[in-house]
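First the structure, in the form of structure tokens, and then the observations on it.
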Amino acid sequence: MTNRPAPPTGHPRHALEPLLTSAVRLSVVAALAGIDKAEFAYVRDLVEITDSALSKQATRLEEAGWLGIEKGRAGRRPRTWLYLTDTGRAAYTRHVTALRAIAGPLH
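The UniProt record's numbering numbers the first residue of the sequence shown as 1 and each following residue consecutively.
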């Protein structure tokens, strides 16, 4: 039996963001991570969910301070854009880093 010292910060699962354990919320945040902002319909279609499902998840992320919602018009049509806040981007980065550490080789 090998005695291994415990990692200094514990298991990486402790760094997972509870709000991102939902596959839909993780997909929404991932869709927005590499861009400044995206139209609501674009994110809805990319993540393959309904308007109401995206609206519900966007509200949860907005309440956490991770997502911004901007309303406006494109020509005569009302539009809604979604974007990650700095807090949201940081949370996503921590979550992905933890997932990579979990999925990586065990030492």
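Each residue gets a CB set at the ideal place from its N, CA and C atoms; glycine is no exception. All values reported here derive from a predicted model rather than from experimental measurement.
Could you spell out where the alpha helix (DSSP H) holding VAL89 opens and where it closes? Within the sequence shown, numbered from 1, the residue matching residue 89 stands at position 89. Per the sequence shown, the amino acid found at residue 89 is Arg instead of Val. 86-103 is the extent of the alpha helix (DSSP H) around ARG89.
Give the secondary structure of ARG76 by DSSP, where H, G and I count as helix, E and B as strand, and everything else as coil. Here the question's residue 76 lines up with position 76 in the sequence shown. Note: ARG76 maps to coil in three-state DSSP.
To the nearest angstrom, how far is it from the Cα of ALA23 to the Cα of GLU48? Indexing the sequence shown from 1 puts residue 23 at position 23. Indexing the sequence shown from 1 puts residue 48 at position 48. Whole-angstrom Cα-Cα distance: 12 Å.
For the alpha helix (DSSP H) that contains ARG25, what are its first and last residues? Here residue 25 is taken as the residue at index 25 of the sequence shown, counted from 1. 23-33 is the extent of the alpha helix (DSSP H) around ARG25.
Apply the 10 Å Cβ neighbour rule to ALA6 and answer buried if 16 or more other Cβ atoms are within range, or exposed otherwise. Counting from one through the sequence shown, the residue named residue 6 turns up at place 6. Low confidence applies to ALA6: its pLDDT is 49, below 50, so where it sits in the model is not reliable, and the reading given next is rough at best. With fewer than 16 other Cβ atoms within 10 Å, it is exposed.
In whole angstroms, what separates the C-alpha of PHE40 from that of LEU16? Sequence index remark: in the sequence shown, residue 40 carries index 40 (1-based). Sequence index remark: in the sequence shown, residue 16 carries index 16 (1-based). C-alpha separation (whole angstroms): 26 Å.
Compute the Euclidean distance between the alpha carbons of THR80 and LEU54, then round it to the nearest angstrom. Position 80 of the sequence shown, counting from 1, holds the residue named residue 80. Position 54 of the sequence shown, counting from 1, holds the residue named residue 54. Distance between the alpha carbons of THR80 and LEU54: 12 Å.
Whose C-beta lies closer than 6 Å to the C-beta of LYS37 among residues of the same chain, with five residues either side of it excluded? If you number the sequence shown from 1, residue 37 lands on position 37. Excluding sequence neighbours, LYS37 sits near TRP81, TYR83.
C-beta neighbour in chain B for ALA74, strict 9 Å: Protein chains in the displayed structure number just one, and chain B is not present.
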